[in-house]
Amino acid sequence: MLDPSGESLSFSQRYLEGTPFDSFLVPGLVLFVVLGLLPLVVSYGLLRGRSWSWLLSVALGVGLVIWLATEIVLVGGPLYSDAPVISLFLWGFYGVVAAAILILSQVPSVRAQYREAEARHDVARTEAADDAFARRREGREPLSE
21 MLDPSGESLS FSQRYLEGTP FDSFLVPGLV LFVVLGLLPL VVSYGLLRGR
71 SWSWLLSVAL GVGLVIWLAT EIVLVGGPLY SDAPVISLFL WGFYGVVAAA
121 ILILSQVPSV RAQYREAEAR HDVARTEAAD DAFARRREGR EPLSE
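Counted the way the working numbering counts, the sequence shown spans residues 21 to 165.
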């Protein structure tokens with residue numbers, strides 16, 4: 021992202037041929053968010069037992085699969101011809117990570133844990149709404165002795 025030309029990372033401009041991008045800025049931003057920030061948010065949610073973290077972990081796994089498929093289709097040829105071992109290693113590594121995320125998110129005990137977290141969240145939200153309703157109701161009724 022600091023060098024949209026890709027020169028500092030020895031990226032060739034021919035990697036961008038066949039893509040809608042003129043520089044590496046947009047792909048770099050997408051990768052930073054999808055492979056950098058989103059996993060941090062998902063990790064936080066999973067460690068804290070947040071109900072939304074399961075859905076985000078599935079989205080992260082799907083996002084990785086889409087990114088890999090898109091990269092292989094759009095820049096796979098030039099990238100592979102320049103660095104076949106590194107390309108295959110990285111594609112394989114991220115493919116395994118994506119598969120692990122998607123498989124582990126479907127394990128019944130994991131799904132049950134986050135269904136329970138969602139149920140607790142729903143109960144807390146309902147109780148808070150009931151309390152707010154009761155307070156409003158108490159404030160509107162005249163005091164009788």
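C-beta atoms are modelled at their ideal positions from N, C-alpha and C, and glycine is treated no differently. All of these numbers come straight from a predicted model, not from anything done at the bench.
Would DSSP call residue i helix, strand or coil?
| i | result |
| --- | --- |
| Asp-166 | Past the edges of the chain, shown from 21 to 165, lies residue 166, and the structure says nothing about it. |
| Pro-24 | coil |
| Val-72 | Residue identity differs from the one stated: residue 72 is Trp in this sequence, not Val. Note: Trp-72 maps to coil in three-state DSSP. |
| Ala-119 | helix |
| Gln-126 | coil |
| Ala-103 | coil |
| Phe-31 | coil |
| Glu-165 | Interpretation of Glu-165 is limited by its pLDDT of 48, a score under 50 that renders its predicted location unreliable; no figure is taken from the coordinates. |
| Glu-136 | helix |
Measure the alpha-carbon distance for residue i versus residue j and round it to whole angstroms.
| i | j | result |
| --- | --- | --- |
| Leu-75 | Gly-48 | 24 angstroms |
| Ala-132 | Arg-70 | 13 angstroms |
| Ser-30 | Ser-125 | 36 angstroms |
| Trp-87 | Glu-158 | 55 angstroms |
| Val-54 | Pro-40 | 19 angstroms |
| Gly-56 | Gly-81 | 13 angstroms |
| Ile-106 | Ile-123 | 25 angstroms |
| Leu-36 | Asp-42 | 7 angstroms |
| Gly-26 | Tyr-134 | 41 angstroms |
| Tyr-100 | Arg-145 | 52 angstroms |
| Arg-34 | Tyr-114 | 23 angstroms |
Let me make sure I understand the geometry here. Which of the options has the alpha-carbon closest to that of residue i?
| i | options | result |
| --- | --- | --- |
| Leu-45 | Glu-91, Leu-22, Ala-139 | Leu-22 |
| Leu-66 | Ala-139, Val-130, Arg-155 | Val-130 |
| Glu-138 | Val-62, Glu-27, Pro-59, Ser-73 | Ser-73 |
| Ser-63 | Asp-151, Ile-121, Glu-91, Arg-156 | Ile-121 |
| Glu-91 | Pro-59, Val-50, Val-61, Leu-58 | Val-50 |
| Val-117 | Pro-59, Ser-28, Pro-24, Phe-52 | Pro-59 |
| Val-127 | Pro-98, Ser-77, Pro-104 | Ser-77 |
key: alpha helix (DSSP H) segments (min. 4 residues) lying fully within the region 52-96   = 58-68
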